[in-house]
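See structure below.
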Amino acid sequence: MEISIGSLDSLPVGEGRTFAIDGDMVAVFRTRAGMVHAVSAVCPHAGGPIADGLADNEVVICPLHQHVFELATGCSRSGQPPLRVYGARVTDTGEVLLSTRVPVDA
Amino acid sequence: MAQRLVVIGNGMAGARTVEEILERGGHFDITMFGDEPYGNYNRILLSNVLSGAEEESGIFLNSLSWYEENGINLRAGIRITRIDRFAKVVYGDDGSVTPYDKLIIATGSTPFIPPIEGTYNAKRGFHQGVFSFRTLDDTRAMIRYARDHETAAVIGGGLLGLEAARGLLNYGLKVTLVHAMGHLMNSQLDEQGGAILKGSVEKLGITVELNAMTTHITGKDSVTGIKFKDGRTIPCDMVVIAAGIRPNTEVAAASGLPIERAILVDDQMRVQDEPDIYAVGECVQHRGQTYGLVAPLWEQAKVLADHVTGANPRAAYHGSRTATKLKVAGVDVAAMGITTPERDTDEFVVFAEPRKGVYKSVIIRDDRIIGATLLGDVSKVGFLTQAFDKGLPLPEERVRLLFDLGGPPAEVSAAEMPDDNQVCNCNGVSKGQLVACVSAGTKTVTGVMDKTRAGKGCGSCKSLVAQIVEWAAGGEVEEDPSANWYVPGVPYAKPELMEAIRAQNLRSVSSVFAALSPGGKEDAKSKMGLVSLLRMMWGDEYEDENDARFINDRVHANIQRDGTFSVVPQMKGGVTSPEQLKKIAEVAEKYDVPMVKLTGGQRIDLLGIRKEDLPKVWADLGMPSGYAYGKSFRTVKTCVGSDFCRFGVGDSTALGIAIESRFQGLESPGKMKLAVTGCPRNCAEAYVKDLGVVAIDGGKWEIYVGGAAGAHIRKGDLLATVDSPDLVMQLTGRFLQYYRENANWLERTYSFVPRIGIEKLRELLVEDSEGICAGLEERMQEAVDAYRDPWQEGLEPRSPGQFKPSLPLLPLPMVPVREVHA
Numbered sequence: 001m002e003i004s005i006g007s008l009d010s011l012p013v014g015e016g017r018t019f020a021i022d023g024d025m026v027a028v029f030r031t032r033a034g035m036v037h038a039v040s041a042v043c044p045h046a047g048g049p050i051a052d053g054l055a056d057n058e059v060v061i062c063p064l065h066q067h068v069f070e071l072a073t074g075c076s077r078s079g080q081p082p083l084r085v086y087g088a089r090v091t092d093t094g095e096v097l098l099s100t101r102v103p104v105d106a
Numbered sequence: 001m002a003q004r005l006v007v008i009g010n011g012m013a014g015a016r017t018v019e020e021i022l023e024r025g026g027h028f029d030i031t032m033f034g035d036e037p038y039g040n041y042n043r044i045l046l047s048n049v050l051s052g053a054e055e056e057s058g059i060f061l062n063s064l065s066w067y068e069e070n071g072i073n074l075r076a077g078i079r080i081t082r083i084d085r086f087a088k089v090v091y092g093d094d095g096s097v098t099p100y101d102k103l104i105i106a107t108g109s110t111p112f113i114p115p116i117e118g119t120y121n122a123k124r125g126f127h128q129g130v131f132s133f134r135t136l137d138d139t140r141a142m143i144r145y146a147r148d149h150e151t152a153a154v155i156g157g158g159l160l161g162l163e164a165a166r167g168l169l170n171y172g173l174k175v176t177l178v179h180a181m182g183h184l185m186n187s188q189l190d191e192q193g194g195a196i197l198k199g200s201v202e203k204l205g206i207t208v209e210l211n212a213m214t215t216h217i218t219g220k221d222s223v224t225g226i227k228f229k230d231g232r233t234i235p236c237d238m239v240v241i242a243a244g245i246r247p248n249t250e251v252a253a254a255s256g257l258p259i260e261r262a263i264l265v266d267d268q269m270r271v272q273d274e275p276d277i278y279a280v281g282e283c284v285q286h287r288g289q290t291y292g293l294v295a296p297l298w299e300q301a302k303v304l305a306d307h308v309t310g311a312n313p314r315a316a317y318h319g320s321r322t323a324t325k326l327k328v329a330g331v332d333v334a335a336m337g338i339t340t341p342e343r344d345t346d347e348f349v350v351f352a353e354p355r356k357g358v359y360k361s362v363i364i365r366d367d368r369i370i371g372a373t374l375l376g377d378v379s380k381v382g383f384l385t386q387a388f389d390k391g392l393p394l395p396e397e398r399v400r401l402l403f404d405l406g407g408p409p410a411e412v413s414a415a416e417m418p419d420d421n422q423v424c425n426c427n428g429v430s431k432g433q434l435v436a437c438v439s440a441g442t443k444t445v446t447g448v449m450d451k452t453r454a455g456k457g458c459g460s461c462k463s464l465v466a467q468i469v470e471w472a473a474g475g476e477v478e479e480d481p482s483a484n485w486y487v488p489g490v491p492y493a494k495p496e497l498m499e500a501i502r503a504q505n506l507r508s509v510s511s512v513f514a515a516l517s518p519g520g521k522e523d524a525k526s527k528m529g530l531v532s533l534l535r536m537m538w539g540d541e542y543e544d545e546n547d548a549r550f551i552n553d554r555v556h557a558n559i560q561r562d563g564t565f566s567v568v569p570q571m572k573g574g575v576t577s578p579e580q581l582k583k584i585a586e587v588a589e590k591y592d593v594p595m596v597k598l599t600g601g602q603r604i605d606l607l608g609i610r611k612e613d614l615p616k617v618w619a620d621l622g623m624p625s626g627y628a629y630g631k632s633f634r635t636v637k638t639c640v641g642s643d644f645c646r647f648g649v650g651d652s653t654a655l656g657i658a659i660e661s662r663f664q665g666l667e668s669p670g671k672m673k674l675a676v677t678g679c680p681r682n683c684a685e686a687y688v689k690d691l692g693v694v695a696i697d698g699g700k701w702e703i704y705v706g707g708a709a710g711a712h713i714r715k716g717d718l719l720a721t722v723d724s725p726d727l728v729m730q731l732t733g734r735f736l737q738y739y740r741e742n743a744n745w746l747e748r749t750y751s752f753v754p755r756i757g758i759e760k761l762r763e764l765l766v767e768d769s770e771g772i773c774a775g776l777e778e779r780m781q782e783a784v785d786a787y788r789d790p791w792q793e794g795l796e797p798r799s800p801g802q803f804k805p806s807l808p809l810l811p812l813p814m815v816p817v818r819e820v821h822a
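The listed protein sequences derive, respectively, from chains Y and W.
If you use the UniProt record's numbering, the first sequence closes out at 106, no skipped numbers anywhere.
If you use the UniProt record's numbering, the second sequence closes out at 822, no skipped numbers anywhere.
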């Protein structure tokens with residue numbers, strides 16, 4: 001299922017913002033390369049706010065202890081468990097839609 | 001069919017040689033015979049087993065499974081009695097006959113047992129209570145016996161005897177160390193050094209008897225005492241004989257091989273005139289020399305392996321210059337070359353401090369080190385060993401051979417040590433090899449030790465190995481070109497980066513990436529450093545991009561562990577007023593601030609503020625930002641100065657406020673924490689600040705730079721003493737601007753100042769030797785003029801959702817709220 005989080009304009013270029021989707025906290029990033037990525041908003045290391053992290057086109061750095069995560073895969077480059085990845089796309093009218101991947105467990 | 005290789009001896013030399021052979025891909029069917037029923041262990045560490053510092057399992061170098069994995073037939077517990085060099089077979093004491101194509105003799109040494117009456121018992125070898133100290137079994141037997149006996153005599157005041165005496169103390173024994181010579185460790189130390197070592201050993205509780213030739217061990221059923229040549233007796237119920245070692249040449253002698261003091265070998269480690277028999281380790285005599293240390297043994301093993309495998313048929317051993325560094329009975333000892341001067345023209349540099357057990361001597365001939373002894377403090381052993389080995393040029397001031405005079409601290413020495421400097425003297429591992437291993441991906445100390453074998457000999461270099469590995473893995477490896485880059489994603493050092501930015505007129509972080517990074521690639525890790533640099537360079541012409549800022553700089557507050565923020569209003573010089581305090585109190589109540597705390601920088605911290613409340617908090621406070629969150633000018637701590645304090649000699653409060661007013665909030669490579677104090681009592685801790693000002697009598701002010709009292713502690717260096725507050729302001733401006741322009745990203749002044757050097761800074765900033773001061777002052781003025789208080793940005797967000805919460809669903813706060821009790 002896809003859920004709208006509003007207009008692309010509500011996402012500043014290069015930054016992340018947090019949205020609540022079905023009780024999940026999702027950090028959504030709009031990269032300078034024009035992509036939109038969505039990952040779980042809480043750092044698995046110590047609960048840091050991922051959306052507040054510095055990001056580039058590939059990774060985001062958690063602001064608390066500088067753990068690095070890939071935006072596209074959620075994988076950590078600093079030895080932490082991965083972030084969950086959500087599907088994200090922008091419609092022709094500029095609306096950002098998030099989808100949860102098919103849930104693995106019931 | 002593979003050639004048959006037989007090795008007699010499964011000690012450190014035999015096993016190490018086989019390892020070297022395997023490493024060269026040598027194809028042999030290998031059979032190893034060992035006297036002892038174990039795999040190969042580190043004999044040097046037996047003293048640690050005796051003292052209880054190490055478990056038996058910790059000293060094994062090759063476990064039994066290692067032999068299996070490498071297809072080696074280990075015949076542990078079997079002694080070879082004879083070699084038939086014509087039939088090319090060896091005979092074992094179990095009746096076995098084993099043929100060989102190549103034979104290696106590595107029978108090591110046996111303890112030297114001086115002729116002392118009563119040592120042996122006709123029925124059982126040693127008399128009850130007499131021990132030698134050579135094998136694991138010896139060690140176990142000593143431990144067992146020591147547990148239920150009370151007094152021990154150790155015969156032999158060399159390395160082994162000292163270690164045995166020290167180890168036995170741990171079992172509650174009263175220990176007497178008996179030495180036939182006039183001073184301890186006489187083959188490594190001169191008389192004075194030996195005397196100081198004696199003092200250190202006695203402090204441990206060991207009684208030392210010198211010039212004591214033992215002639216009798218007394219006791220009918222078991223030991224009751226020993227008797228000296230001069231007739232004196234000492235009662236004891238245990239005797240350890242540690243009077244040195246002798247090459248074990250028994251098999252070689254029984255088989256007709258050439259022997260003098262040990263088995264004679266040529267430069268390829270072949271037994272003289274025997275093309276198929278090699279010998280290695282303590283049992284050999286090479287060019288007249290025998291060795292009792294591991295370092296030469298490793299060198300021999302390499303040559304032997306090169307030759308027997310054909311990897312390098314021209315490999316040759318030329319003998320070793322032996323330098324020892326060890327910890328004996330808890331005392332650091334290093335010795336190399338000769339122990340006392342031999343000619344009138346030999347230079348002899350000596351330092352002795354018996355009270356602290358420190359002794360250092362160096363013997364120099366024709367400007368080269370030919371001998372050195374260090375006792376109690378071996379910090380200079382690295383350089384001395386290198387200089388001794390390679391004949392390095394020596395400092396004109398000879399005292400520098402013995403001491404670091406204002407030299408770099410230890411962590412710098414790991415960085416500055418030349419790559420070919422040998423770190424592990426046991427296994428011959430250089431700093432370069434360690435660094436290479438780290439670069440190849442091994443980032444743990446133990447991993448590097450496993451791969452390089454560094455620290456696997458006597459273990460005394462472990463801490464140095466750890467330092468080097470940590471240093472190498474810390475992102476500052478010399479071979480790594482990015483170490484010099486200002487930020488990791490843009491391949492330029494700071495000066496070149498600034499030049500390119502200026503030449504191409506790059507005013508935003510994204511434009512720097514587009515123009516200067518490989519492929520125009522963005523790099524999140526580089527953004528903060530670039531923001532700082534560009535703001536410093538362009539002032540208000542900098543093109544701000546919110547996504548390049550760290551979260552603290554996006555919302556002008558310091559992020560806390562639960563995602564809330566701390567807010568610190570400016571409080572110049574730590575001086576406040578009832579109005580300010582009332583306002584802060586109102587805000588704290590209104591926003592339900594969980595904690596209000598005083599900071600170390602004399603300000604008030606409101607902790608646990610939610611991100612969405614930040615703009616409202618600033619508006620309600622109506623105070624400027626105290627910048628407690630950035631890599632920037634933070635605060636000027638002051639004391640109450642001359643207005644109130646009866647000791648104050650200068651108005652430190654007013655000057656502190658003036659400095660803070662002028663330089664507030666300026667971004668910099670690292671934090672800038674300052675202080676001004678009104679007298680040398682230094683209540684404002686100015687000696688340990690990035691820049692600290694101290695008022696001294698006569699209306700003068702001292703300016704210290706490069707101090708720190710955080711993770712690093714450093715007293716600042718005196719930059720200048722000036723006559724007026726105006727000059728303090730001027731020099732402060734010059735120093736801060738020079739630091740801003742020249743320090744690396746995140747390089748605090750405590751590293752920057754020593755890196756540049758205080759003399760150099762004085763020339764540049766006080767004497768203006770290169771004419772840069774006018775420029776520094778001008779650029780600092782521009783930066784001051786461009787300053788805008790970030791809390792006055794207003795309530796309008798600079799970017800959509802700037803203050804939108806990032807984690808509202810988490811239960812807040814995670815930081816426990818403390819109740820304040822009256």
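Ideal Cβ placement from N, Cα and C applies to all residues, glycine included.
When the beta-carbon positions are compared, Y/Leu71 and Y/Val39 come within less than 8 Å of each other. Not a single C-beta of chain Y is nearer than 8 Å to the C-beta of W/Gly670. By alpha-carbon distance to W/Asp346, the top candidate from W/Asp148, W/Lys220, W/Ala329, W/Asp366 is W/Asp366. Where W/Val381 is concerned, the enclosing alpha helix (DSSP H) starts and stops at 381 to 390. Put simply, the region 191 to 199 of chain W touches the region 337 to 357 of chain W. At least three CB pairs are less than 8 Å apart.
The beta-carbon of Y/Pro63 is placed less than 8 Å from the nearest beta-carbon of chain W. Less than 8 Å divides the Cβ of W/Tyr738 from the Cβ of W/Leu776. Contact of W/Glu522 with chain Y is assigned, a C-beta pair being separated by under 8 Å. By the Cβ criterion, the region 331 to 347 of chain W is not in contact with the region 45 to 56 of chain W, since fewer than three pairs of Cβ atoms, one from each stretch, lie closer than 8 Å. A contact is defined here as three or more CB-CB pairs under 8 Å, and the region 227 to 237 of chain W meets this definition with respect to the region 201 to 218 of chain W. Selection W/Phe403, W/Gln560, W/Ala454 evaluated against W/Gln422 yields W/Ala454 as nearest (Cα-Cα).
Y/Arg32 reaches chain W at Ser510, Glu522, Asp547, counting residues in chain order whose Cβ is nearer than 8 Å. In the structure shown, the three-state DSSP call for W/Tyr704 is strand. Listed by position along chain W, the residues whose Cβ is nearer than 7 Å to that of Y/Arg17 are Gly801, Lys804. Between W/Thr110 and W/Arg246, the gap from beta carbon to beta carbon is short of 8 Å. Residue ranges of uninterrupted alpha helix (DSSP H) with 4 or more members, entirely inside the UniProt domain "Nitrite/sulphite reductase 4Fe-4S" (630 to 768) of chain W and ordered along the chain, are 641 to 644, 652 to 663, 725 to 742, 749 to 756, 758 to 761. For secondary structure counted as the beta strand (DSSP E) over 3 or more consecutive residues, the region 312 to 394 of chain W holds these complete runs in sequence order: 323 to 328, 331 to 337, 347 to 353, 358 to 365, 368 to 375. In the three-state scheme derived from DSSP, where H, G and I count as helix and E and B as strand, W/Pro235 is classed as strand. The three-state secondary structure of W/Glu499, taken from DSSP, is helix. Contact annotation: in the region 522 to 543 of chain W, residues whose CB is within less than 8 Å of a CB in chain Y are Glu522, Asp523, Ala524, Lys525, Lys527, Met528.
Contact annotation: in the region 553 to 570 of chain W, residues whose CB is within less than 7 Å of a CB in chain Y are Ile559, Arg561, Gly563.
W/Gly376 is not a Cβ neighbour of W/Val349, given a cutoff of 8 Å.
Taking C-alpha positions only, W/Ile364 is separated from W/Ile370 by approximately 6 Å.
The beta carbon of W/Ile363 does not come within 8 Å of any beta carbon belonging to chain Y, so the residue lies off that interface.
Within the region 596 to 629 of chain W, the complete alpha helix (DSSP H) segments of 4 residues or longer fall at 614 to 621, listed in chain order. Nothing from the region 590 to 610 of chain W brings a Cβ to less than 9 Å from some Cβ of chain Y. Secondary-structure assignment with DSSP links W/Asp276 through no beta bridge to anything.
Considering only W/Ile551, W/Pro99, W/Pro114, the residue with the shortest C-alpha distance to W/Arg4 is W/Pro99.
W/Met32: member of the beta strand (DSSP E) spanning 28 to 34, first to last residue. Scanning the UniProt domain "Rieske" (3 to 99) of chain Y for uninterrupted alpha helix (DSSP H) segments of 4 residues or longer gives nothing; none is fully contained.
CA-CA distance, W/Val7 to W/Tyr91, rounds to 13 Å. Distance between W/Ile696 and W/Lys671, taken at the CA atoms: about 27 Å.
Between the alpha carbons of W/Arg634 and W/Glu767 lies a gap of roughly 28 Å. W/Gly244 is the residue among W/Glu23, W/Gly244, W/Arg610 whose C-alpha sits nearest the C-alpha of W/Asn186.
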